[in-house]
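Step one of this worksheet: look at the structure below.
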Amino acid sequence: MTARNRTNPLTTTGAIVVLLGAAACQSSAPPYRGRVDPIALSDYPQIVVTRPLDDLLGFSRPDVTPATESEPMRVVAPVRSMQDGYTRVQYQFEFFDERGRPLSQSGWRYKSITPRQQVFLDGRALSTEAKDWRLSIRQAG
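In C-alpha coordinates form, the structure reads like this:
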(Lines of atoms letter the chains of each structure in order from A and count residues from 1; the text may use other names and numbers.)
(Lines give C-alpha, C1' and ligand atoms only; values in the text may rest on other atoms or scores of the structure.)
Protein backbone atom coordinates (compact mmCIF):
# COMPACT_ATOMS: atom_id res chain seq x y z
CA MET A 1 0.00 0.00 0.00
CA THR A 2 1.37 3.40 -0.93
CA ALA A 3 0.85 6.50 1.15
CA ARG A 4 -0.89 9.34 -0.56
CA ASN A 5 0.16 12.92 0.05
CA ARG A 6 -3.07 14.56 1.11
CA THR A 7 -3.47 18.13 2.29
CA ASN A 8 -6.19 19.20 4.58
CA PRO A 9 -8.81 21.37 2.74
CA LEU A 10 -8.77 23.86 5.61
CA THR A 11 -5.02 24.25 5.34
CA THR A 12 -5.28 24.90 1.60
CA THR A 13 -8.08 27.43 2.06
CA GLY A 14 -6.14 29.22 4.82
CA ALA A 15 -3.03 29.46 2.64
CA ILE A 16 -5.04 30.98 -0.22
CA VAL A 17 -6.63 33.57 2.10
CA VAL A 18 -3.21 34.57 3.45
CA LEU A 19 -1.76 34.93 -0.07
CA LEU A 20 -4.72 36.98 -1.28
CA GLY A 21 -4.51 39.21 1.80
CA ALA A 22 -0.80 39.81 1.24
CA ALA A 23 -1.44 40.67 -2.41
CA ALA A 24 -4.16 43.16 -1.41
CA CYS A 25 -1.79 44.97 0.98
CA GLN A 26 0.76 45.59 -1.74
CA SER A 27 -0.73 48.67 -3.39
CA SER A 28 1.05 51.08 -5.65
CA ALA A 29 -1.53 53.80 -5.07
CA PRO A 30 -0.05 56.97 -3.54
CA PRO A 31 -1.24 58.24 -0.14
CA TYR A 32 -3.99 60.84 0.02
CA ARG A 33 -2.90 64.47 -0.01
CA GLY A 34 -4.23 67.17 2.24
CA ARG A 35 -6.27 69.90 0.62
CA VAL A 36 -5.28 73.54 0.72
CA ASP A 37 -7.49 75.49 3.11
CA PRO A 38 -9.27 78.23 1.11
CA ILE A 39 -9.30 80.46 4.21
CA ALA A 40 -6.01 82.25 4.79
CA LEU A 41 -4.67 81.91 8.33
CA SER A 42 -4.95 85.69 8.73
CA ASP A 43 -8.69 85.49 7.83
CA TYR A 44 -9.50 82.71 10.30
CA PRO A 45 -11.96 83.94 12.95
CA GLN A 46 -10.74 84.44 16.50
CA ILE A 47 -14.01 83.09 17.89
CA VAL A 48 -15.00 79.77 16.32
CA VAL A 49 -18.43 78.34 17.15
CA THR A 50 -19.93 75.00 16.10
CA ARG A 51 -23.55 74.63 15.00
CA PRO A 52 -26.18 75.18 16.34
CA LEU A 53 -24.43 77.57 18.73
CA ASP A 54 -23.69 80.03 15.93
CA ASP A 55 -27.39 81.03 16.05
CA LEU A 56 -27.79 80.74 19.83
CA LEU A 57 -24.90 82.90 21.11
CA GLY A 58 -24.06 86.58 20.71
CA PHE A 59 -20.58 88.02 21.28
CA SER A 60 -19.37 91.45 22.34
CA ARG A 61 -15.87 92.78 21.72
CA PRO A 62 -13.35 90.76 23.75
CA ASP A 63 -11.09 92.56 26.21
CA VAL A 64 -7.51 91.57 25.39
CA THR A 65 -4.66 92.42 27.74
CA PRO A 66 -1.39 91.96 25.83
CA ALA A 67 1.50 90.08 27.39
CA THR A 68 4.21 91.99 29.19
CA GLU A 69 7.65 90.80 30.27
CA SER A 70 6.16 89.45 33.50
CA GLU A 71 2.47 88.76 32.72
CA PRO A 72 1.02 86.52 29.98
CA MET A 73 -1.76 87.57 27.60
CA ARG A 74 -5.30 87.52 29.02
CA VAL A 75 -8.55 87.44 27.03
CA VAL A 76 -12.04 88.01 28.44
CA ALA A 77 -14.78 87.32 25.88
CA PRO A 78 -18.35 88.43 26.73
CA VAL A 79 -20.96 85.99 25.38
CA ARG A 80 -24.74 86.10 25.76
CA SER A 81 -27.37 83.43 25.28
CA MET A 82 -29.86 84.49 22.61
CA GLN A 83 -32.47 81.86 23.53
CA ASP A 84 -35.02 81.18 26.25
CA GLY A 85 -33.44 77.89 27.36
CA TYR A 86 -30.17 77.17 29.11
CA THR A 87 -27.16 76.90 26.82
CA ARG A 88 -24.46 74.42 27.84
CA VAL A 89 -21.11 74.93 26.19
CA GLN A 90 -17.51 73.81 26.33
CA TYR A 91 -14.87 76.38 25.42
CA GLN A 92 -11.13 76.46 24.95
CA PHE A 93 -8.62 79.26 24.41
CA GLU A 94 -5.56 78.74 22.21
CA PHE A 95 -2.59 81.09 22.19
CA PHE A 96 -0.10 81.71 19.39
CA ASP A 97 3.31 83.34 19.02
CA GLU A 98 4.14 86.21 16.62
CA ARG A 99 4.47 83.75 13.70
CA GLY A 100 1.10 82.09 14.35
CA ARG A 101 2.55 78.95 15.92
CA PRO A 102 0.57 77.38 18.78
CA LEU A 103 2.00 77.99 22.24
CA SER A 104 -0.64 76.68 24.63
CA GLN A 105 -4.27 75.67 25.12
CA SER A 106 -6.42 76.22 28.16
CA GLY A 107 -8.11 72.84 27.90
CA TRP A 108 -11.85 72.43 27.48
CA ARG A 109 -13.97 74.09 30.17
CA TYR A 110 -17.69 73.75 30.82
CA LYS A 111 -20.12 76.65 31.20
CA SER A 112 -23.91 76.74 31.54
CA ILE A 113 -25.37 80.03 30.34
CA THR A 114 -28.66 81.22 31.83
CA PRO A 115 -31.33 82.15 29.25
CA ARG A 116 -30.70 85.55 27.66
CA GLN A 117 -27.87 86.35 30.10
CA GLN A 118 -24.26 87.37 29.52
CA VAL A 119 -21.23 85.52 30.87
CA PHE A 120 -17.52 86.17 30.49
CA LEU A 121 -15.17 83.49 29.17
CA ASP A 122 -11.70 84.12 30.57
CA GLY A 123 -8.43 82.71 29.26
CA ARG A 124 -4.74 83.28 30.03
CA ALA A 125 -1.74 82.21 28.04
CA LEU A 126 0.87 80.12 29.79
CA SER A 127 3.72 82.07 28.19
CA THR A 128 4.57 85.74 27.92
CA GLU A 129 5.42 85.07 24.24
CA ALA A 130 1.72 84.87 23.23
CA LYS A 131 0.79 87.51 20.65
CA ASP A 132 -2.52 86.14 19.32
CA TRP A 133 -5.41 83.96 20.47
CA ARG A 134 -8.45 81.96 19.39
CA LEU A 135 -11.55 80.90 21.31
CA SER A 136 -13.31 77.69 20.25
CA ILE A 137 -16.81 76.95 21.53
CA ARG A 138 -18.79 73.74 21.10
CA GLN A 139 -22.06 72.41 22.46
CA ALA A 140 -21.71 70.44 25.70
CA GLY A 141 -23.44 67.06 25.86
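In this text, residue positions in the sequence shown follow my numbering: the first is 1, and each later residue adds one. By construction, the Cβ of each residue, glycine as well, lies at the ideal position given by its N, Cα and C atoms. Since the structure is predicted, the reported quantities are computational estimates derived from the model, not experimental observations.
For residue i, which option in the options has the closest C-alpha, if you only look at C-alpha atoms?
i                : options                      : result
glutamine 83     : Leu56, Pro66, Trp108         : Leu56
proline 72       : Thr128, Gln117, Val79        : Thr128
arginine 80      : Ser70, Thr114, Ile39, Arg99  : Thr114
proline 54       : Leu121, Asp63, Val89, Val36  : The question names proline, but residue 54 is aspartate in the sequence shown. Of Leu121, Asp63, Val89, Val36, the residue nearest in Cα terms is Val89.
glutamate 69     : Ala125, Trp133, Gly141       : Ala125
lysine 131       : Asp63, Arg116, Gly141, Ala67 : Ala67
arginine 116     : Val75, Tyr86, Val64, Ile39   : Tyr86
serine 112       : Val48, Gly141, Gly100, Val64 : Gly141
phenylalanine 59 : Ala29, Gly34, Pro78          : Pro78
Between which two residues does the beta strand (DSSP E) harbouring residue i extend?
i            : result
aspartate 37 : Element bounds for aspartate 37: n/a, residue is neither H nor E.
Strictly by DSSP, which residues pair up with residue i?
i             : result
glutamine 92  : Ser136
glutamine 117 : Paired residue(s): none; glutamine 117 is not in a bridge.
tyrosine 110  : Gln90
alanine 125   : In DSSP, alanine 125 forms no bridge with anything.
ask   = Are the stretch 81 to 97 and the stretch 32 to 47 touching, with three or more C-beta to C-beta distances below 8 angstroms?
value = As far as the Cβ criterion goes, the stretch 81 to 97 does not touch the stretch 32 to 47, which means the pair count is below three.
inquiry  = Extract the residue ranges of the beta strand (DSSP E) inside the stretch 23 to 87, only unbroken runs of 3 or more that lie entirely within it.
reply    = If we require 3 residues or more, the beta strand (DSSP E) runs fully inside the stretch 23 to 87 come out as 47 to 49, 57 to 59, 63 to 65, 74 to 81.
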